[in-house]
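J.:
Numbering (full-length UniProt numbering), first residue to last: 1 to 188.
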């Protein structure tokens with residue numbers, strides 16, 4: 001993961017220009033990297049798990065409990081994982097499912113806490129949306145915890161719009177789904 005100590009957000013933003021123009025190396029993952037991807041996701045979602053008191057007893061599929069096997073299974077079923085590096089250090093990832101009825105699902109967006117607020121999440125979502133359009137999707141959808149208002153606002157700055165909420169028996173929170181037009185659908 002990012003092995004450098006993270007400076008305070010304000011100092012980091014000033015020093016890095018809020019990450020604009022940073023040259024992240026983004027590439028598609030291969031199956032042999034599933035363990036590293038899972039470890040990054042666990043690290044990145046730890047604060048969400050603590051904030052909403054999510055654990056194996058009430059939310060066993062939460063990303064904070066990600067395993068290598070779950071990543072491998074998703075990739076075997078066609079999920080493309082994009083990885084972002086700073087030098088040789090894995091700093092972020094995002095998954096993109098193959099489109100079904102023109103909609104690709106964006107999942108497991110994760111940024112190492114030491115690399116946040118540098119524009120990496122925006123970069124990863126942008127690359128994933130571009131890829132979705134390339135493989136025939138007209139829209140990209142993401143599901144988030146409905147009470148994560150700041151995350152909703154962030155996705156809205158990227159062009160996503162809320163489309164529905166849903167409750168599930170196996171989740172202790174309501175899910176908010178947001179969508180964004182991509183590819184040819186984004187032009188009109």
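Idealized CB from N, CA, C, for every residue including glycine. Bear in mind that the values here come from a model prediction, so they are computed numbers and not experimental data.
1. Answer with yes or no whether the minimum CB distance from residue 113 to chain E is below 7 Å.
2. Identify whether residue 181 lies in helix, strand or coil by the three-state DSSP scheme.
3. For residue 160 and residue 179, what's the separation of their Cα atoms in angstroms?
4. Give the straight-line distance between the Cα atoms of residue 106 and residue 42, rounded to the nearest whole angstrom.
5. Can you find the residues in the same chain that come closer than 7 Å, C-beta to C-beta, to residue 137, ignoring five residues on each side of it along the sequence?
6. Enumerate, from N- to C-terminal direction, the unbroken alpha helix (DSSP H) stretches of 4 or more residues contained entirely within the stretch 9-86.
7. Whole angstroms is fine: what's the gap from residue 166's alpha carbon to residue 172's?
8. For residue 64, which option in 86, 76, 111 and 27 has the closest C-alpha, if you only look at C-alpha atoms?
9. Below 6 Å CB to CB, which residues in the same chain sit around residue 143 once its five sequence neighbours on both sides are set aside?
10. Mark residue 141 as exposed unless 16 or more other C-beta atoms lie within 10 angstroms of its C-beta, in which case mark it buried.
11. On the DSSP bridge list, what partners appear for residue 107?
T.: A quick look at the data gives this:
1. In summary, chain E is missing from the structure at hand, where a single protein chain is found.
2. Position 181 of the chain shown, counted from the first residue, corresponds to residue 181. Reduced to three states, the DSSP call for residue 181 is strand.
3. Stepping through the chain shown from its first residue, residue 160 is reached at position 160. Stepping through the chain shown from its first residue, residue 179 is reached at position 179. Looking at the two C-alpha atoms, the distance is approximately 5 Å.
4. As a first step, residue 106 must be located in the chain shown, where it is residue number 106. As a first step, residue 42 must be located in the chain shown, where it is residue number 42. If I take the Cα positions, the gap works out to 17 Å.
5. By one-based count along the chain shown, residue 137 stands at place 137. Cβ neighbours of residue 137 beyond the five flanking positions: 99, 102, 103, 104, 182 and 183.
6. 9-16, 34-51 and 68-76
7. As a first step, residue 166 must be located in the chain shown, where it is residue number 166. As a first step, residue 172 must be located in the chain shown, where it is residue number 172. Going from the Cα of residue 166 to the Cα of residue 172 covers about 12 Å.
8. Reading the chain shown from its first residue, position 64 is the one you call residue 64. Checking every option, the nearest Cα to that of residue 64 belongs to 111.
9. Taking the chain shown and counting its residues from 1, the one referred to as residue 143 is at position 143. Only 175 and 177 meet the Cβ criterion.
10. Your numbering for residue 141 matches position 141 in the chain shown. Answer is buried; the Cβ neighbour count reaches 16.
11. By 1-based counting over the chain shown, the position of residue 107 is 107. Paired residue(s): 95.
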